[in-house]
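Before any comments, here is the structure.
2 protein chains.
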Amino acid sequence: MQKVKIKMTDQNSKSDLMEKIISLCKRRGFVFPGSEIYGGLANSWDYGPLGAELRNNIKQLWWNRYVHRRDDIVGLEAAIIMNPKVWEQSGHVATFNDLLIECKGCHQRFDQEKMESGKCPLCGKEKFTEPKLFNTLFKTFIGTVEDAKSTAYLRPETAQGMFVDFKQVLDTSRKTVPFGIAQIGKAFRNEITPGNFIFRTREFEQMEIEYFIPVPKIESDWQDVFEIWRKEMHSWTEAIGINTEHIRDYEVPETERAHYSKKTIDFMYEFPFGEKELYGLAYRTDFDLKNHFPEPPYRDNHSPVGEHESYWPHVIEPTWGVDRSVLAILCEAYTEDGDRVVLKLKPYLAPYKAAVFPLVSNKPDIAGKAREIYDTLRKKYAIAWDDRGNIGKRYYSQDEIGTPYCITVDYQTLEDDTVTVRARDSAQQERIKVTELPEYIGSRVGMLS
Amino acid sequence: MQKVKIKMTDQNSKSDLMEKIISLCKRRGFVFPGSEIYGGLANSWDYGPLGAELRNNIKQLWWNRYVHRRDDIVGLEAAIIMNPKVWEQSGHVATFNDLLIECKGCHQRFDQEKMESGKCPLCGKEKFTEPKLFNTLFKTFIGTVEDAKSTAYLRPETAQGMFVDFKQVLDTSRKTVPFGIAQIGKAFRNEITPGNFIFRTREFEQMEIEYFIPVPKIESDWQDVFEIWRKEMHSWTEAIGINTEHIRDYEVPETERAHYSKKTIDFMYEFPFGEKELYGLAYRTDFDLKNHFPEPPYRDNHSPVGEHESYWPHVIEPTWGVDRSVLAILCEAYTEDGDRVVLKLKPYLAPYKAAVFPLVSNKPDIAGKAREIYDTLRKKYAIAWDDRGNIGKRYYSQDEIGTPYCITVDYQTLEDDTVTVRARDSAQQERIKVTELPEYIGSRVGMLS
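Read top to bottom, the protein sequences are chains W and R. Per my numbering, the first sequence starts with residue 20, numbered consecutively. Per my numbering, the second sequence starts with residue 20, numbered consecutively.
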C-alpha cells in the first residue's frame, strides 16, 4: 500500500509540475495557445516575447556550436516546399499511404491487418484510433489549379534538404568526407494525435545534421563516429542545463527501426507526462543519397571501389527538436524554493541576461543612473527594466522568468558609483562598481567557449 | 542615337550584373535553385552555407536593433498554420477569391471587367495572364479528411499573428501604447508569376513590426510616428550597406492603397531588373484589431472615450523582406576592381568575419600557429580557413564572398608573433601582434552599437 501511495503522489506531483509549467508559460509569455481568440487550433502554440528569446538562444547556441565552432560542418537553409519528387523518391509519399490505426498510448501507427493481437506491440495498450487512409504529409497546391499535378507537400523533416542539395553544398564548400550539413527549420507532420503541450505538435522546428562518412570497410568505421555523436548529444543536453542522469539512451530494436537504419538511439527524457523521445541519432547507411542520386555523387581517396571511382557516402544523423528542447529545459529549470519560483536557466539561454531596477522611481538621480546602466548593457544583451512595485516583487518576477542577475541602483550608487547585483540561484547580493558591470555581466552570461 | 545607345548599354550592364550575381551566388554557395536535381521547383531557392550565414546575420541585426535595443518592442513567434478563422476575419479568404488577370509587367492583379483599357493602369504594359479564379492563400488540410472543414492556410504574412495575439502579449509584457510587436518568419503566397531570382518567391521570410499607438486625436498624432518609422527604415537600409540615395520613397496613391490604409510608403530600390518595392510602411488604422476583437482590447489613460473605457489602438506597420534584403545587399556590395570581384558587405553581415591562412601548409610550425589563431577566433566568430593554392588565389576567393579580413601566418610570425592582416576593401596589409588579433577583429566586425 505504501508503495502505491508514493507512486500516486509522485504521479500527482508530476502532473502538478506540468500544470505549473504550462501556467507559468502562459502567465509570463513564454508559450500560449495559437489563435486562442478563435478557440485555438488543436495543439498549435505560439511563442510569446520570452519564449521567442529562449528559442532564439537555443538555436544560436546550436548553430554556434556545430556550424561556427566546427570545421567539418556547414549550414544550409532549404525551402519548406520542395519539388514533390523529393518526397516520392524519399519514400514519404508511398510509405504512409495506407489504412492505419494509431495506438492512443504511444502514438505509433500500425497496419491493422498485420497485427496479431488487439494489444499494441510496443506499449501494450489496447486503445486505437479507427482505421484511416492516412499520410502524414501536409498537402498543398502550387499555382491556380488544385489537382494531382499541382500537389506539393510541406516538408515533414529538414533532412531531405541536405540530401537533395548534397552536391551543391559539396561543390561550393569544397568539403571532403567526413563532413556534415546542418539545418534549422520548421517541419510539418499531420499527426493524428498530437499532444502534451509543445511536445508533439503538427508544426515544429528541427535542428538536424547529416554527417557524411566514407563507405565503412569494417563495422567500427561507422560505429566509432556514431559513438562520438552519441557522446556529443549528451554534452549538448548538459550545455542546455539538463542533468545527463535524466537522459536514457534507448537503442531501438531492429524490428522497430526504419528498414534502412542499421542503428538508432532515442534519447529519452523523463517528462512529467512520462519518458519520451527528446532527441534521436541514427545511422542511415547510404539509403538517402542512393534514393536521390542514381549516379554516385562523390569521389575522393577513400573510394571503396578504386581511387578515381565515385561512390555514395554513408550518413549518421543526429536530430534535435527545438520545441522539445524548450520543454525539457523548462522542466529541468523549474524550481520552487518556499514561495519563490525560480527558473534556473543556463544564463546564456535566459530571455533576459540581467534586469536593472532603480530602487525608487520618483528620484530623477537614481532613475537616470539606472537608465544609463540599462542603456549601456542592452547594446550587447537582452536586458529587462522594472521600476514597478517594491524590490522584493521585482526579484520574484525576474526569478520566475530565469533572469540570472538583478542590478539595483540605490542611494549609495550616487555616492560611490556601485550597485547591488543579486544572483538568481543563490539570492546572494554583492556591490559592484558601475564601471565593472559590463565585464561582470558579460563574463557570466556569454555563450560557452 | 547617342542617348539610346547609352541606355541600351546601361540595360545590358544591368542584366549582366544580375547574371553575375546569380552566378556568384550559385558558384560560392549563397543561393542555388531549390530541388535542383529534380529540375527545381518554379522560383524556389535554397540558401547554401554562405547564404544561410548572411540571412542569419541580417535577422540577428534586425532583432538586436528592434527588440533588444528598444524598450518599446517585444518579440513574438506565432505558428505558420493558424486557425482558418484568422484569415476569414482578416479578409484574406474572401478578398482574392475572384476572377483575376495579372499584368506580366508589374505583377499586379486586376478584375478584368473593371479595366477600362487593354493597358495595365499601373505600368502600361499590355500583356496579361488568362483570367483565373485565384486565391493567393496556400491551402492545406489538418487531420485525415480533405474537406472544407479541415481546410487551413499557410500564413501569407506574419502580421496577423501580432494582431491575434495582441492581448496575450499585452498581458504578459505589461507594455502600454505606444509599443510594438516584432516577428521574423516564413510566409507563403501562391503567386501566379513569381520571378527575378529571390525577389518574388512563393515562400519567403518577413521581418515585421506592428507598432500600436493611441487613437489619433489629430492627424499629426499618427503622422509623427509614421515619419519616425520612415526615417528609421532609411537608417536600417544604411546599416545593411545600401546607399540611401538608391532608395526612393513612393507614396502609394489612395486609388491603389488597401481600403483600410490611410497612408502607405513603398521603399523602392533600383534592382538590376528595374525599380521595385524593397520594404513597406503603412498606417493601417484600427482595421486589424477591429477585425479580430469585437470588444475593444485595450485600456489606458489615453482612452479617447473616457479614462476607464477600453479602445482599439491604431497601428503603423513597417515591413521588411529577408530575401529582398539579401538581394539588395548583394546588388550594392558587388564590385569589380579589374579582375578582382569584391563583395563589399558590411563586416557584421559577412558570412565569415575573417579568414586565416598558413603561408605554406607543409610547415608544421606555421600551420600549427595558424590553426591556433583560427581556433581562438572562431570561439566568437564565423571564421574561414584556407590552406590551398597560393595566397593571391585565397585573397581572391575571400574577396568574392565578402570576408572583411584575411590573416596570414608566415615565417616572420614564428620570430615576432605578428601576422599580416589584409583588409578586403582597400587590399592594404598591416602587421598585427597575434595577442591583439581578437580585439582588432572584434572591434571591426561586431554589430553596430
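Cβ atoms here follow ideal geometry from the backbone N, Cα and C, with glycine treated the same way.
GLY357(W) carries a coil assignment under DSSP once its states are collapsed to helix, strand and coil. If you compare the alpha carbons of GLN431(W), LEU300(W), GLN127(W), ILE232(W) with that of THR155(W), the shortest gap goes to GLN127(W). Residues of chain W with a Cβ closer than 7 angstroms to the Cβ of LEU362(R) do not exist, since the nearest Cβ in that chain sits about 14 angstroms away.
Closer than 7 angstroms at the C-beta level to chain W, one finds these residues of the segment 85 to 109 of chain R: HIS87, ARG88, ASP90, VAL93, GLY94, LEU95, GLU96, ALA97, ALA98, ILE99, ILE100, MET101, ASN102, LYS104, VAL105. When DSSP reads this structure, TYR330(W) sits in a beta bridge with TYR317(W). Within chain R, the C-beta atoms nearer than 9 angstroms to that of THR191(W) come from LYS45, ARG46, ARG47, GLY48, PHE49, PHE51, GLY67, PRO68, LEU69, in chain order. Judged by beta-carbon spacing, ASP91(W) lies beyond the 7 angstroms limit of PHE182(W), meaning their Cβ atoms are not closer than that value. For GLN187(R), the nearest CB of chain W lies under 7 angstroms from its own CB, placing it at the interface with that chain. Under the 7 angstroms criterion on CB atoms, ILE426(W) is classed as non-interfacial with respect to chain R.
The beta-carbon of ALA206(R) is placed no less than 7 angstroms from the nearest beta-carbon of chain W. If you look at GLU107(W), you'll find it isn't in any beta strand (DSSP E); it sits in the alpha helix (DSSP H) that goes 103 to 108.
Taking a beta-carbon distance threshold of 7 angstroms, LEU456(R) does not count as an interface residue toward chain W. One Cα belongs to GLY110(R), the other to PHE312(R), and the distance between them is close to 14 angstroms. Remark: fewer than three beta-carbon pairs, one from each stretch, lie closer than 8 angstroms, so the segment 258 to 268 of chain R and the segment 233 to 242 of chain R are not flagged as touching.
A distance below 8 angstroms between beta-carbons, with the five flanking residues on each side excluded, links ARG443(W) to the following residues of its chain, in chain order: VAL361, LYS363, GLN417, ASP418, GLY421, THR422, PRO423, TYR424, CYS425.
Annotation: the continuous beta strand (DSSP E) that includes VAL375(W) extends over 373 to 377.
Straight across, the Cα-Cα distance linking LEU73(R) with GLU355(R) is about 20 angstroms.
Within the model, the alpha-carbon separation for ASP405(R) versus ARG413(R) is close to 7 angstroms. Under the Cβ distance rule, THR159(W) counts among the residues neighbouring chain R, one pair being separated by less than 7 angstroms. DSSP, read as helix, strand or coil, puts LYS295(R) in strand.
Under the Cβ distance rule, GLU229(W) does not count among the residues neighbouring chain R, no pair being separated by less than 7 angstroms.
Taking a cut-off of 8 angstroms for Cβ pairs, the segment 374 to 382 of chain R and the segment 55 to 65 of chain W do not touch, as fewer than three such pairs fall below it.
In this chain, the beta strand (DSSP E) harbouring LYS452(W) covers 448 to 452. Rounded to whole angstroms, the gap between the alpha carbons of GLU294(W) and GLN108(R) is 41 angstroms. If you draw a 10 Å sphere on the C-beta of CYS44(W), you find 16 or more other C-beta atoms in it, and that means buried. When beta bridges are read from the DSSP output, LEU173(W) appears opposite ILE100(W), PHE157(W). For GLU419(W), the uninterrupted alpha helix (DSSP H) run begins and ends at 410 to 419, by DSSP. In the three-state reduction of the DSSP assignment, MET134(R) falls in the coil class. GLY260(W) sits in coil when the DSSP states are folded into three classes, being neither helix nor strand.
In the same chain as MET287(W), and ignoring 5 residues on each side of it, the C-beta atoms closer than 8 angstroms to its own belong to ILE266, ARG267, ASP268, TYR269, GLU294, LYS295, GLU296, LEU297, in chain order.
With contacts defined as CB atoms closer than 7 angstroms, VAL440(W) and GLU449(W) qualify as a contacting pair. Taking a 10 Å sphere around the C-beta of CYS142(W), we find fewer than 16 other C-beta atoms and assign the residue as exposed.
Chain order gives the chain W residues near VAL183(R) as SER54, ILE56, where near means a beta carbon separation below 7 angstroms. Interface flag for ALA401(W) against chain R is set, since a Cβ pair is found closer than 7 angstroms. Assigned with DSSP and collapsed to three states, THR439(R) falls in strand. Contact of LEU349(R) with chain W is not assigned, every C-beta pair being separated by 7 angstroms or more.
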